[in-house]
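Student:
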Amino acid sequence: MTPPPTSPLGIHALVWVGDTSPDSVRYAVERTAACGYDLLELSLHDSVNLDREATRKLLQENGLRAACSRGLARDADVSSDDPEVVARGAELLHESLAVTAAIGGTVLTGALYSAFGKAPAPLTAKGRANVVSVLRELAEEAASHEVTLGLEICNRYETNVVNTARDCLVLADDIGADNVMVHLDTYHMNVEEADLVTPVRDLGERLGYVHIGENHRGYLGSGHIDFPAFFGALVEIGYAGPITFESFSSAVVAPGLSNDLAIWRNLWDDGEDLARAAHAFVSDGLRSAWASSAA
């Protein structure tokens with residue numbers, strides 16, 4: 001019997017801490033390793049406080065892989081029609097790539113293509129062309145650092161650029177770089193996709209990163225997302241990329257970011273219990289899906 005694909009299991013640092021100060025990064029790294037995860041995803045919203053060399057060393061000492069994620073702001077939006085706004089967004093993306101490479105990360109993902117938040121109007125043709133141009137150039141630089149770019153598909157209230165897997169495939173094709181992959185997130189899929197299986201099948205080998213999140217961003221299994229179907233689809237396509245648990249609570253997330261993400265409730269206040277439960281949930285779900293497929 002062929003063994004199942006082995007995906008590195010990751011966790012978002014915002015399960016542990018709300019910033020990237022040295023003490024916070026150390027805590028996030030050490031707790032991530034202690035809970036049995038393989039990868040830590042760091043949000044770069046606070047990257048000015050991130051000690052790159054110390055973080056790289058900590059990750060290596062604890063045997064962890066790293067991914068970085070970020071969104072953009074209205075005044076630094078690469079999907080804008082305004083050249084100055086696009087230039088600021090491009091600069092921010094290149095700086096984020098530099099941070100990712102410096103800490104030894106192999107993935108830079110997120111809504112790299114637009115400002116984060118509800119857009120005031122539909123995307124324009126000029127704005128989309130700006131997205132393609134900026135990300136094509138970013139991908140070329142990322143390749144020199146052996147970094148893969150992820151296009152995280154977000155819901156309509158967070159972006160007007162791509163909301164479904166099929167939308168994102170078209171954008172990735174237009175960018176036309178081998179190191180640009182598609183990033184699925186079950187929280188966003190729950191809003192925009194007709195089901196949790198078809199997008200996985202549509203993407204196939206183009207799927208490169210996965211966020212696992214409940215419909216209310218709390219404990220896995222406490223909402224209504226059909227995770228068995230999703231895990232079954234991942235097994236069906238032989239997915240072996242990172243699977244990262246993402247959950248937010250106002251008990252941990254910094255107030256400014258909590259506002260951006262609309263985290264108005266304390267869904268949990270014990271990050272370690274949440275993390276251990278999530279690790280078991282995902283591991284068991286993948287094993288069950290593989291056993292069902294092999295039966």
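Quick note on the UniProt record's numbering: the sequence shown kicks off at 1 and runs consecutively.
C-beta atoms are modelled at their ideal positions from N, C-alpha and C, and glycine is treated no differently.
Computed from a predicted structure; not experimentally measured.
Just how far apart, CA to CA, sit Pro-120 and Ser-79?
Tutor: 13 Å
Student: Need the endpoints of the beta strand (DSSP E) that Tyr-37 sits in, please.
Tutor: Careful: Tyr-37 lies outside any beta strand (DSSP E) and carries neither H nor E.
Student: Hey, could you find the ends of the alpha helix (DSSP H) Ile-153 is sitting in?
Tutor: Looking at the DSSP string, Ile-153 is not in any alpha helix (DSSP H), and its letter there is neither H nor E.
Student: Under the rule that 16 or more other beta-carbon atoms within 10 Å means buried, what is Thr-6, buried or exposed?
Tutor: exposed
Student: Rank Leu-274, Ser-293, Met-181 by C-alpha distance to the C-alpha of Phe-231 and give the top, closest one.
Tutor: Ser-293
Student: Hey, Leu-207 and Val-182: beta-carbon distance below 8 Å or not?
Tutor: Between Leu-207 and Val-182, the CB-CB gap stays under 8 Å.
Student: Please determine, among Asn-130, Gly-176, Asn-190, the residue with the shortest C-alpha to C-alpha distance to Val-161.
Tutor: Asn-130
Student: For Ala-274 and Trp-268, I'd like the C-alpha separation in whole angstroms.
Tutor: The sequence shown places Leu at residue 274, not Ala. If I take the Cα positions, the gap works out to 8 Å.
Student: The alpha helix (DSSP H) spanning Ile-175 covers which residue range?
Tutor: That run of the alpha helix (DSSP H) goes 165-175.
Student: Would Ala-289 pass as a contact of Val-235 if the rule is Cβ separation under 8 Å?
Tutor: yes
Student: Measure the Cβ-Cβ separation of Ala-67 and Glu-41 and say whether it is below 8 Å.
Tutor: yes
Student: For Ser-69, which of helix, strand or coil comes out of DSSP?
Tutor: strand
Student: Do you know offhand how far Glu-84's Cα is from Ser-43's?
Tutor: 25 Å
Student: What residue does the alpha helix (DSSP H) around Phe-230 start on, and which one ends it?
Tutor: 227-236
Student: Whole angstroms is fine: what's the gap from Asp-23's alpha carbon to Val-48's?
Tutor: Within the model, the alpha-carbon separation for Asp-23 versus Val-48 is close to 14 Å.
Student: Can Ala-165 and Ile-175 be called in contact, C-beta distance under 8 Å?
Tutor: no
Student: Exposed or buried, which one is Ala-229 when buried takes at least 16 other CB atoms within 10 Å?
Tutor: exposed
Student: CB-CB under 8 Å to Ser-283, same chain, minus the five flanking residues each way: which ones, in chain order?
Tutor: Leu-9
Student: Would Thr-148 and Val-197 be called neighbours here (beta carbons separated by less than 8 Å)?
Tutor: Going by C-beta atoms, Thr-148 is not nearer than 8 Å to Val-197.
Student: For Ala-295, count neighbouring Cβ atoms within 10 angstroms of its own Cβ and tell me buried if that reaches 16, exposed if not.
Tutor: Exposed, since its Cβ has fewer than 16 Cβ neighbours within 10 Å.
Student: Looking only at C-alpha atoms, which of Ser-249, Asp-202, Leu-203 sits nearest to Gly-213?
Tutor: Ser-249
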